[in-house]
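Q: I'd like to ask you about the structure that follows.
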Amino acid sequence: MNIKAEFLEKLKQFEKKYLTLADFEKLLERERRSLRVLIHRLVKAGFLNQLKPGVYILPENRAYLDKIANQLYYPSYLSFVSALARWGIIGQMPYSLTFATLKKSKKMMLGQTEVVYSQLKPELFFGYKLEGGINIAYPEKALLDQVYLASLGKGFIDYEELTLIDLDKKRFNDYVKRFPKRIRRGVKEIKKQWGQVFVGVK
């Protein structure tokens, strides 16, 4: 088996959906200099895709970009408009992948996909679960995260376009109590769309 075939075979058995130069060194036990040449050739031939400098994936793993983005900047969870679209609360799928994180806010490009990480305070970093290999906010938390972001002037939310029928009202109310008062206006707008009086929300 030649080195390219050996390399690709080991990559397909690798647990992570993306690889760094350090991962390549462990897999093939070769010097970084020779690996760079091999990786360049594999990218040029279409056997590998470069997501960003030093980060690579197999072409069939492009469907896992959200999972990869979650792992690259950790701790984080998918939230805001990306999670709202996945839960069917908003109808349009955003161009960017949007994550909440405890780290500094940042943007990065993974291939052709923009990934936006927005920092939340530790007391607001809750309300998510592991699903399909990715940390994702519960629908109620994604909605409140977006309301909070909008209250800071860092996001937008069209309350009239929200589909709220499947939200868990108790969970929503419980989560509201953990947010600062600045989201009250947004919560009132949601109440109008939901068409009911929320217990514990003033």
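Residue 388 is where the sequence shown starts when you use our numbering, and the numbers rise one by one after that.
Note that the Cβ used here is the ideal one computed from N, Cα and C, for glycine as well.
Note that the coordinates shown come from a computational prediction; the quantities given were computed from them, not determined experimentally.
If you reduce the DSSP assignment to three classes, tell me which class Gln621 lands in.
A: In the structure as shown, the chain starts at 388 and stops at 589, and residue 621 therefore has no counterpart that could be examined.
Q: Going along the chain, which unbroken runs of the beta strand (DSSP E) with 3 or more residues stay wholly within the segment 443-469?
A: Runs found: 463-465.
Q: Once the 5 residues before and after Glu402 are set aside, which same chain residues still bring their CB inside 7 Å of it?
A: Excluding sequence neighbours, Glu402 sits near nothing in its chain.
Q: Are the CB atoms of Asn436 and Gly514 nearer to each other than 8 Å?
A: Cβ distance not < 8 Å, so Asn436 and Gly514 don't count as in contact.
Q: Indicate the three-state DSSP secondary structure (helix, strand or coil) for Ile591 in the structure shown.
A: With the chain represented from 388 up to 589, any question about residue 591 goes unanswered, as that position is not in the structure.
Q: According to the Cβ coordinates, are Phe434 and Gln533 closer than 8 Å?
A: No.
Q: Straight-line CA distance for Ala392 to Pro446?
A: Near 16 Å, if we compare the C-alpha coordinates of Pro446 and Ala392.
Q: Hey, out of Pro509, Leu531, Leu536, Phe566, whose CA is closest to Pro462's CA?
A: Per the Cα distances, Pro509.
Q: Within its chain, find whatever has a CB closer than 6 Å to the CB of Phe512; leave out the 5 residues flanking it on each side and keep chain order.
A: Leu489.
Q: From the beta carbon of Tyr405, is the nearest beta carbon of chain B less than 8 Å away?
A: The structure shown contains no chain B; it holds only a single protein chain.
Q: At which residues does the beta strand (DSSP E) containing Tyr405 begin and terminate?
A: Segment: none, Tyr405 is in no beta strand (DSSP E) and carries neither H nor E.
Q: Quick one: what's got a C-beta closer than 8 Å to Gln580's C-beta in the same chain, skipping five residues either side?
A: Hits under 8 Å: Tyr546, Glu547, Leu549, Leu551.
Q: Taking the continuous alpha helix (DSSP H) assigned at Leu536, which residues delimit it?
A: Per DSSP, Leu536 belongs to the alpha helix (DSSP H) from 526-538.
Q: Touch check for the segment 473-486 and the segment 418-429: three-plus C-beta pairs under 8 Å?
A: With a cut-off of 8 Å, the segment 418-429 and the segment 473-486 do not count as touching, because too few Cβ pairs lie within range.
Q: Using 8 Å as the cut-off, can you tell me whether the segment 552-571 makes contact with the segment 491-507, which would need three or more C-beta pairs spanning the two stretches below that distance?
A: The segment 552-571 is not in contact with the segment 491-507.
Q: Where does Val574 land, buried or exposed, given buried means 16+ other C-beta within 10 angstroms?
A: Per the 10 Å Cβ criterion, buried.
Q: Output yes or no for whether 8 Å exceeds the beta carbon distance between Leu484 and Ser505.
A: No, these two residues do not count as a Cβ contact at 8 Å.
Q: Assuming the contact rule is C-beta atoms closer than 8 Å, Phe566 and Tyr535 should be a hit. Round their C-beta distance to whole Å, please.
A: Their Cβ separation, rounded to whole angstroms, is 6 Å, which keeps Phe566 and Tyr535 in contact under 8 Å.
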